[in-house]
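*Asks:* Protein chains in written order, with the UniProt record's numbering: chain B, 1 to 331; chain L, 1 to 310.
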Ligand SMILES: Nc1ncnc2c1ncn2[C@@H]1O[C@H](COP(=O)(O)OP(=O)(O)OP(=O)(O)O)[C@@H](O)[C@H]1O
Ligand SMILES: [Mg+2]
């Protein structure tokens with residue numbers, strides 16, 4: 001499988017009055033052609049910061065990429081200057097944001113908002129751009145787009161607006177689509193429709209998708225692979241089957257226990273007690289140790305090594321270490 | 001749209017009528033009359049004069065005939081300068097006041113917006129602080145003080161501009177500057193605050209994610225939204241500029257309408273008081289109406305008429 005995007009050991013910090021917030025601390029992952037990679041984790045774990053770093057969209061200052069590489073088409077995006085990044089944004093890598101109610105400019109017609117993106121990146125006449133806009137609106141399932149071009153965002157429902165946002169992101173046929181909680185603000189039936197749309201579009205265009213969410217139900221529907229983030233690190237990653245049926249990290253297990261499932265007997269939902277560590281001075285050991293039922297002494301002292309479960313599945317947890325298994329056996 | 005405009009026009013006429021009525025009775029309740037200043041006129045002369053201007057009739061009758069003449073757009077003769085009609089005075093003074101007011105508004109709006117936008121883009125930078133210092137000074141210094149300062153610096157100390165009358169474009173610079181600083185400062189501050197807020201909005205991030213240049217983002221996406229709150233204050237700003245012209249015209253000896261208005265009150269020149277008041281009120285009411293129309297055009301979410309809807 002061909003890698004289209006690779007993030008290697010990414011570090012991102014924010015300088016604030018209170019000190020340096022280490023929002024992303026050594027994140028690595030690769031995105032393959034035509035797949036959907038889900039990044040999941042609790043609020044504040046650094047999902048949005050990671051994705052905005054890829055687009056070069058973290059507000060600088062206060063934000064700064066302090067280390068690592070983001071490789072795309074043989075180039076390291078962290079090294080590119082702003083004008084170079086602008087050529088990539090919207091053309092090669094696109095982004096969809098959480099709230100369709102606020103993501104569109106309220107004082108600009110829908111067609112203008114899509115056309116300006118096309119004209120920015122492609123040498124097309126306005127007429128051609130308009131045709132392209134109609135086509136993409138068809139693709140994302142806006143009924144009768146020709147008659148709605150001159151309408152304003154407030155004349156569309158939430159679900160329709162999210163479709164417009166998706167159309168806007170896809171119109172220049174990007175290779176990578178980053179969707180940051182694209183369904184969180186929508187009600188459940190609309191959510192399902194939008195997720196269907198993602199799948200359909202992916203089949204048609206072969207776009208690779210990074211889907212950011214904290215909703216494991218969404219993940220179960222569309223993700224090929226899953227990366228679980230906690231306190232600025234990816235603590236476990238693997239394909240969907242492995243993560244859902246053979247989760248290794250206590251945090252992943254905790255997340256799974258906190259969503260309702262049809263395939264389990266016990267109906268009780270358990271949320272993970274406690275809250276994530278503050279990222280001003282993250283613990284030197286495993287950041288989850290304080291909330292972990294299985295924490296050992298070593299967990300507080302040393303960040304766990306990566307244990308490879310299979311080609312795709314890996315986890316950062318001392319419990320998977322050979323030595324820990326011996327220890328547990330003794331106990 | 002049409003029903004909206006008709007409704008608004010009706011409301012405007014009613015407002016104007018209320019203003020006319022209130023002014024008329026307030027004016028007549030003031031002590032003094034056009035004829036009993038300085039000069040002592042004999043009782044008989046006084047009587048004759050009052051009869052000539054119908055001031056001896058009951059107030060309601062006078063009110064009725066004034067309304068009637070208003071309908072024919074006739075403001076009547078001035079009592080103080082019996083050779084002049086109020087219409088003539090307005091016809092001579094208004095173009096000058098209008099020129100002064102319009103230039104002031106233009107200067108205030110353009111420089112205010114530019115200052116505000118630049119400040120917001122350099123948020124917390126030196127330019128921002130500088131611009132906001134100018135703004136605070138502009139807001140807190142009254143225009144007559146500003147006028148005096150400008151005259152002292154740019155006409156007396158450094159004789160760059162002439163000070164009085166309205167004979168060339170050079171003559172217009174100082175009065176316009178004096179009158180424009182306050183409104184400019186208000187617009188600059190509003191624009192800045194509003195821009196800072198708009199720049200954090202999600203749709204700006206969306207625009208960035210499309211790969212648009214910062215210039216396009218500011219001009220196409222941010223500015224239009226940021227100007228909405230600015231537009232709402234334009235009506236009141238126009239009003240304050242209007243009242244400002246009275247003082248400024250006096251200071252710079254500009255033969256505009258303000259002079260007639262101020263003089264007419266101390267002279268109890270009833271027709272001139274009424275005429276200028278009605279005229280100023282009409283201008284203001286129309287301005288407010290235009291601002292509302294403009295707001296509806298700038299912000300598509302505001303529907304000026306009910307039928308549009310979904
Ligand atoms: N502009 C900023 N200034 C300071 N800190 C920031 C800024 N943006 C993000 N952070 C910090 O970075 C961390 C990660 O934030 P991020 O938005 O990536 O979380 P998230 O995983 O997307 O959460 P959510 O699910 O709530 O969207 C948070 O602790 C946040 O406080
Ligand atoms: Mg987020």
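C-beta atoms are modelled at their ideal positions from N, C-alpha and C, and glycine is treated no differently.
Could you please give me the residues that DSSP links to residue 214 of chain B through a beta bridge?
*Replies:* Its beta-bridge partners do not exist; DSSP assigns none.
*Asks:* Buried or exposed: where does residue 145 of chain B fall if 16 or more other Cβ atoms within 10 Å of its Cβ makes it buried?
*Replies:* buried
*Asks:* Can you name the residues of chain B whose CB is closer than 9 Å to the CB of residue 205 of chain L?
*Replies:* Listed along chain B, the residues sitting closer than 9 Å to residue 205 of chain L by beta-carbon distance are 52, 57, 95, 97, 103.
*Asks:* Suppose you measure from the CA of residue 177 of chain B to the CA of residue 128 of chain B; what does that come to, to the nearest Å?
*Replies:* 23 Å
*Asks:* Can residue 162 of chain B and residue 194 of chain B be called in contact, C-beta distance under 7 Å?
*Replies:* yes
*Asks:* Once the 5 residues before and after residue 87 of chain B are set aside, which same chain residues still bring their CB inside 7 Å of it?
*Replies:* none
*Asks:* Look at residue 189 of chain L and residue 135 of chain L and say whether their C-beta atoms are less than 7 Å apart.
*Replies:* yes
*Asks:* So is residue 309 of chain L buried or exposed if we call it buried at 16+ other beta carbons inside 10 Å?
*Replies:* Because the pLDDT of residue 309 of chain L is 40, which lies under 50, any placement of that residue in the model is unreliable, and the question is left without a value.
*Asks:* Do you know how far the Cα of residue 317 of chain B is from the Cα of residue 300 of chain B?
*Replies:* 12 Å
*Asks:* Start and end of the beta strand (DSSP E) containing residue 314 of chain B?
*Replies:* Annotation: the continuous beta strand (DSSP E) that includes residue 314 of chain B extends over 314–316.
*Asks:* Within 10 Å of its beta-carbon, does residue 64 of chain L have 16 or more other beta-carbons around it, so buried, or fewer, so exposed?
*Replies:* exposed
*Asks:* To the nearest angstrom, report how far apart residue 155 of chain L and residue 219 of chain L are at their CA atoms.
*Replies:* When only Cα atoms are considered, residue 155 of chain L and residue 219 of chain L end up about 38 Å apart.
*Asks:* Could you tell me the boundaries of the beta strand (DSSP E) in which residue 177 of chain B lies?
*Replies:* 176–180
*Asks:* Does the Cβ of residue 310 of chain B have 16 or more other Cβ atoms within 10 Å, making it buried, or fewer, making it exposed?
*Replies:* Taking a 10 Å sphere around the C-beta of residue 310 of chain B, we find fewer than 16 other C-beta atoms and assign the residue as exposed.
*Asks:* Below 8 Å, how does it come out for the segment 7–26 of chain L and the segment 260–277 of chain L: are there three or more Cβ pairs, yes or no?
*Replies:* In short, these stretches touch, since the Cβ pair count reaches three.
*Asks:* So with Cβ pairs under 7 Å, would you call residue 105 of chain L a contact of chain B?
*Replies:* no
*Asks:* Check whether chain L comes within 7 Å of residue 154 of chain B, counting only Cβ atoms and requiring the distance to be less than that.
*Replies:* So yes, residue 154 of chain B belongs to the interface.
*Asks:* Tell me whether the beta-carbon of residue 98 of chain B lies closer than 7 Å to the beta-carbon of residue 184 of chain B.
*Replies:* yes
*Asks:* Any beta-carbon of chain L closer than 7 Å to the one on residue 75 of chain B?
*Replies:* Residue 75 of chain B does not count as touching chain L.
*Asks:* Residues of chain L with CB under 7 Å from residue 120 of chain B, in chain order?
*Replies:* Residues of chain L whose Cβ lies closer than 7 Å to the Cβ of residue 120 of chain B are, in chain order, 210, 211, 212.
*Asks:* Give the residues of chain L in contact with residue 333 of chain B, contact being defined as C-beta atoms less than 8 Å apart.
*Replies:* Look at the range of chain B in this structure, 1 to 331, and you will see that residue 333 of chain B is not part of it.
*Asks:* Return the CA-CA distance between residue 82 of chain L and residue 272 of chain L, expressed in angstroms with no decimal places.
*Replies:* 11 Å
*Asks:* Using the three-state DSSP reduction, which class does residue 308 of chain L fall into: helix, strand or coil?
*Replies:* With a pLDDT of only 42 at residue 308 of chain L, under the threshold of 50, the placement of this residue in the model should not be trusted, and no figure is reported.
*Asks:* Is residue 50 of chain B closer than 7 Å to residue 13 of chain B when the C-beta atoms are compared?
*Replies:* no
*Asks:* Is residue 24 of chain B near residue 285 of chain B, with beta carbons less than 7 Å apart?
*Replies:* no
*Asks:* Nearest to residue 84 of chain L by CA position, among L:55, L:27, L:269, L:49, is which residue?
*Replies:* When each option's Cα is compared against that of residue 84 of chain L, the closest is L:269.
*Asks:* Please classify residue 296 of chain L: does DSSP put it in a helix, a strand, or coil?
*Replies:* helix
*Asks:* Is the beta carbon of residue 36 of chain B sitting closer than 7 Å to the one on residue 223 of chain B?
*Replies:* yes
*Asks:* Hey, which unbroken runs of the beta strand (DSSP E) at 3 residues or more fall wholly within the segment 134–185 of chain B?
*Replies:* 176–180
*Asks:* On the premise that residue 167 of chain B lies in contact with residue 207 of chain B, defined as a C-beta separation below 8 Å, what is that separation, rounded to the nearest angstrom?
*Replies:* About 13 Å separates the two Cβ atoms, so there is no contact after all.
*Asks:* Give the DSSP bridge partners of residue 226 of chain B, in chain order.
*Replies:* As computed with DSSP, residue 226 of chain B is found in a beta bridge with B:38, B:238.
*Asks:* Rounded to whole angstroms, what's the CA-CA distance from residue 139 of chain L to residue 183 of chain L? Just pull it up for me.
*Replies:* 8 Å
*Asks:* Under a Cβ-count criterion, where at least 16 other Cβ atoms within 10 Å of its own Cβ denotes burial, should residue 180 of chain B be classed as buried or exposed?
*Replies:* buried
*Asks:* Hey, could you find the ends of the beta strand (DSSP E) residue 67 of chain B is sitting in?
*Replies:* 63–72
*Asks:* What's the gap between the Cα of residue 83 of chain B and the Cα of residue 171 of chain B?
*Replies:* 20 Å
*Asks:* So if DSSP puts residue 19 of chain B in a beta bridge, which residue, or which two residues, is it bridged to?
*Replies:* B:16, per the DSSP bridge assignment.
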